[in-house]
Structure formats: structure tokens, C-alpha cells
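Residue numbers (my numbering): 4 to 563.
For every residue, glycine included, the Cβ atom is placed at its ideal position computed from N, Cα and C.
Since the structure comes first, as C-alpha cells, the remarks are kept for the end.
The structure is reproduced here in C-alpha cells:
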């Protein structure tokens, strides 16, 4: 199919990426060099209660970590596939990325099969193109650990197709297939609940189908989902103590508090094919609201007029696909917004956009109700999804290819300065985030430091040497030593912290001396030995450098 070839070309930079983020943790776990062990089915357990102290002692978790942090995802199928990748294909990322590309292709084919069932052939083709080339696929293709998005979506769409067949014919075989595919989708991960948004929308809006049949069809996902959630709870999976992940079961109020902003951001990223940098945590809420309300109203009116020109069956399909795309966002509101979360929602978005374009550009019968508004909406959507989206997908993939290669090269360069002492320790003056993964990116022949201490996760920092073992770190008034708000992976905004207090971790004590509007801005670091005995590093914008701490009585600035 031509669309698969087009996708291969467009996403080729993404699949040429090296390891990213959690990929290094998975590789380390499978090599046996991670501080704690994991089973092949449990690679997505990053922080469990029983090994929290060990990870903190080794510096895998920074000193500001919430004492109750837990990051455990129940994704046994996705986990065992990563384990099999490393056992069968080795450590070279490219074959592993090709495996991810196969799941992307499977999701595209499953989406096309769904579209052909409920839309005309022309609209189905256009919708498939929009879905297949969307920017939301770039990061899951570049980031091996995010492959579960494709796995859960593929099986979720197959379950939805079986549910549609059950609605039409009422055969028990289709219910069994739907339940089986739903179970596989859930074993892939929690992204399955996004795919289930379409099942719920179909069950509610397919009024021509008997209520009993709709209820039975919905149970084909509901029963496996209940089993999954029960196992998830009993086995201790979920998240806590992290601002980046908000477990709706463990912290429902925090989930609801962050949901509106996250929903608006994801809707904008999906409908306007934005990358993950356009709208971020610093984008003012008033600006988001000011842009979102008129844009949403314009899109809704335009789509409603376009859908009115469809026959009854196609119109019903259009509405449940659109409704499903909105419901698909509800589960991913538990995470900081990113286009990578939009795979399931993009199915309905692509269908809605294709229907509007078809009505505006290819209608053979004049429909006065469409008017200029639909033409304008179609023009805008056509640009965003047929021009801007493919370009953005390629650029995002190229960004991850280049940044991952730079990170790998930085790790190799930094490794040359390590002394090879298995009892050695490294101090990181400041990081932008990459340094958390750098010890696991070191070449396999390099002896890793026993402890990896990250002192600050911020921008500009001033380091003042107060004594042989004492250092003070100072950041500007409008910054914090570590990220504040819902973007902090290791701490929530509700984490209790005294105005002044001391945190003790292995090998050092950190005292918060002064707080600013964003959080701690002056801290004192007291080490158990002379600071000159450590290996020191700092993360810059494009590299990781070895440094020396300032001499006693002097200071030194460190910029991004």
C-alpha cells in the first residue's frame, strides 16, 4: 500500500533514532546493570515501593524526590516484546525501531479497515492518509518504550471492528473476538482505555441497534477491563508522588484539576497538527482559552453543516467517530500533554477531517447549507493535516534522530573522564533532564559510578564553594532548583516541603536555605568527603561536559 511506503519515507528519521529516555533503562535492566532487577513482564516498573530507597541511594532518583513516589505501569505484553527484542535482535536500535514500525503499519491497516466499513472508499482513503502521517506517531516510533501506544491501539481497533460486526449480525463469535482483542489491547497497556472511547461512543449513539445488543457488545471490553483494573490494583501498579503522571484512581482531585488544561492542549495539538513544543506548561491559561473557544466553535459549526449533507448511516458513523475521539482523550489526561498521546484520538479526528474535506471539495450535488463557512474550515483543516502535519512529522522525527545521536556521543565522551572506580561517585551540577539517563547510556565496557548525584534540574545556576565539602547553589528569583508544577516527574505540587529543611541522601545532605515564587532557589550541599574527590559533570544544551567545582571561597556560573 502506497500509504505505508509514504509513512516509511516520512518517519525514516524517527526510526533511525538511537535510544531515548526509558530505552536506556530497559537496556540496562536487561543487561543486569540496573540497580534493581525486573522480570521480562515488568519492564515498565520504574519505581516500586520496595526498591525506592535503593534507587535513591544510587542517584537514579534525585534528592528532591517525593518520599512516596511510585511509577509502575501494567503493560505485560509490551514488556515481553521489548525483552524479546533484546534477546533476538540484539542491542542495535534500528531493528527494534523496525519492529515498532510494523506495529505502526498494523495500526494504519486496522484503521483503514474500520474506515472502509463505515465511510465511503474515497473518504476512507483520505482519512487513512491523515491518520497515518500524523505527527502523533513520530515519538512512539523514535522512542521504543512508547511502542505500547501502537500495540494497544491496534488490538483496540480490531476489538472495535468485531463489536461493529456484532451490532450488525448479533453473532456470539464476534463478541468473543471483541473480548479477546480487548484483552490483548489491555495487556499492551493503559492506552487501551483510549481505544475503548470509540466502543462507548458507538454503544451510546448507535440507536438503530437494540439496547441489549449494544450492552453485550460493550461488555466485551468492560469485563476484560474490570479484570485488568483488579489485577493492576492487587499487584500494586499505578503512579504516586509524580507531577508528570496523575493516577486518576490514586489522586482523582489532582487529575480533575489538571484535566481542563491538558484536554485543551491535546485538542489543539491533534486538530492543528502541532508539535510538542508549541504549547507547553508556560503557555498562559488565558491565551489557551482565548484561542480554543472560537476555534472549537468554528470547527463544530463547520463539521455539523458538513455532516448534515451525509446520508443517515454515514452521519451516524461520523458522530460516533467524533465522539470517540473526544472520549479517547479522557485516559491520557493523566499525563503531561504530548502529541504522542493522541494516537487513538487521531482515528476519529482523521475521519471527521476527511468528511469535511470530502463534503467541501468533492460534492457532486450543490448543498446550499454548506456555505462559505465549511469551505473555510475545510481549507484550514486541509492545510493543517495534508501539508503541515507531514512536514511536522518529518521534522519531529529528525529532531529525535539528531538529539538521540548527540546524547549518545556525549555519553561516550564523558565516559573517557571516568576513573573506572566501581566505588566512585559523580556529581552533576545541573541538568535539563538528559542526565537522569546518562549513566545508563555509558558504553558497556565502562565501569559505572556507584552513585550518580544530580544537584539541580534548572536553567542558569551559580555554584558557590563554601568549604572543602560544602557547596551552595543559587538560581534566579523566577526559577527553582528543580521543576515546579505538574511537569515534575519526581515530585507533585502537593508534596509537603518545609520553608527551610534538610534532605539526607546517601553521601550528602541538602539544606533548603531560601525559596522563591517557583520553589527552592538557594540550597546548601554538604558532602561526606572533599568535593574535589568526585567526578563532576554538567549538561549543556547539546552536550554533557566534565567540569571542576569552584575553589573554596570562589563561585562559578553554569548556563544551559
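Near residue i, what residues of its chain come up, given a Cβ to Cβ distance below 8 Å and the 5 sequence neighbours on each side ignored?
| i | result |
| --- | --- |
| residue 501 | Its pLDDT being 42, under 50, residue 501 is placed unreliably in this model, and the coordinates cannot settle the point. |
| residue 568 | Residue 568 cannot be examined here, being either before or after the span of the chain that is shown, 4 to 563. |
| residue 120 | 164, 167 |
| residue 305 | 359, 376, 377, 379, 380, 381 |
Buried or exposed: where does residue i fall if 16 or more other Cβ atoms within 10 Å of its Cβ makes it buried?
| i | result |
| --- | --- |
| residue 71 | exposed |
| residue 16 | buried |
| residue 438 | buried |
| residue 463 | exposed |
| residue 280 | exposed |
| residue 452 | buried |
| residue 255 | exposed |
| residue 571 | There is no way to answer for residue 571, as the model of the chain reaches only from 4 to 563. |
For residue i, which of helix, strand or coil comes out of DSSP?
| i | result |
| --- | --- |
| residue 166 | helix |
| residue 219 | helix |
| residue 21 | coil |
| residue 488 | helix |
| residue 340 | coil |
| residue 296 | helix |
| residue 34 | helix |
| residue 516 | strand |
| residue 502 | In this prediction, residue 502 has a pLDDT of 44, which is less than 50 and means its spatial position is unreliable; what the coordinates show is noted afterwards. DSSP places residue 502 in coil when its eight states are reduced to three. |
| residue 274 | helix |
| residue 4 | coil |
| residue 174 | coil |
| residue 460 | strand |
| residue 109 | helix |
Could you tell me which of the options sits nearest to residue i, measuring between CA atoms?
| i | options | result |
| --- | --- | --- |
| residue 487 | 458, 472, 521, 512 | 521 |
| residue 262 | 357, 334, 323 | 334 |
| residue 472 | 489, 437, 534 | 534 |
| residue 113 | 127, 265, 101, 123 | 127 |
| residue 169 | 134, 423, 152, 212 | 212 |
| residue 566 | 376, 199, 518, 408 | The displayed coordinates of the chain run from 4 to 563. Any statement about residue 566 would go beyond what the structure contains. |
| residue 60 | 456, 362, 149 | 456 |
| residue 482 | 337, 285, 162 | 285 |
| residue 276 | 527, 37, 384 | 384 |
| residue 257 | 270, 267, 243 | 243 |
| residue 446 | 416, 453, 382, 461 | 416 |
| residue 201 | 88, 392, 320 | 320 |
| residue 147 | 208, 46, 313 | 46 |
| residue 283 | 293, 265, 273 | 265 |
| residue 352 | 54, 273, 296 | 273 |
| residue 26 | 55, 89, 39 | 89 |
| residue 196 | 528, 347, 98, 39 | 347 |
| residue 154 | 295, 106, 344 | 106 |
| residue 95 | 109, 32, 21, 53 | 21 |
| residue 291 | 388, 177, 267 | 267 |
| residue 132 | 429, 392, 509 | 392 |
Along the chain, where does the beta strand (DSSP E) containing residue i start, and where does it finish?
| i | result |
| --- | --- |
| residue 548 | 547 to 550 |
| residue 561 | 558 to 561 |
| residue 393 | That residue, residue 393, is in no beta strand (DSSP E); its alpha helix (DSSP H) goes 392 to 418. |
| residue 213 | Run containing residue 213: none; DSSP gives neither H nor E here. |
| residue 52 | Premise fails: residue 52 is in no beta strand (DSSP E) and is neither H nor E. |
| residue 39 | Taken as a continuous stretch (DSSP letters only), residue 39 belongs to no beta strand (DSSP E), as it is neither H nor E. |
| residue 243 | 241 to 243 |
| residue 74 | 73 to 75 |
| residue 473 | 473 to 477 |
| residue 466 | 464 to 470 |
| residue 3 | With the chain running from 4 to 563 in the structure shown, residue 3 is simply not present. |
| residue 318 | No beta strand (DSSP E) holds residue 318; the alpha helix (DSSP H) holding it covers 315 to 330. |
Skipping 5 residues on each side, what residues in its chain have a beta carbon closer than 6 Å to that of residue i?
| i | result |
| --- | --- |
| residue 546 | 413 |
| residue 231 | 189 |
| residue 18 | 100, 104, 144 |
| residue 354 | 130, 324 |
| residue 329 | none |
| residue 141 | 17, 396, 399, 400 |
Could you tell me the boundaries of the alpha helix (DSSP H) in which residue i lies?
| i | result |
| --- | --- |
| residue 523 | Note, residue 523: premise wrong, no alpha helix (DSSP H); beta strand (DSSP E) at 523 to 530. |
| residue 430 | Segment 428 to 431 is the beta strand (DSSP E) holding residue 430; no alpha helix (DSSP H) there. |
| residue 193 | Neither: residue 193 is in no alpha helix (DSSP H) and is coded neither H nor E. |
| residue 346 | 346 to 364 |
| residue 3 | There is simply no residue 3 to check, as the chain begins at 4 and stops at 563 in what is shown. |
Using a Cβ-Cβ cut-off of 7 Å (strictly less than) and excluding sequence neighbours within five positions of residue i, which residues of its own chain qualify?
| i | result |
| --- | --- |
| residue 466 | 432, 474, 476, 552, 553, 558, 559, 561 |
| residue 435 | 542, 563 |
| residue 301 | 380 |
| residue 23 | 145, 146, 403, 407 |
| residue 378 | 363 |
| residue 226 | 182 |
| residue 7 | 108, 111 |
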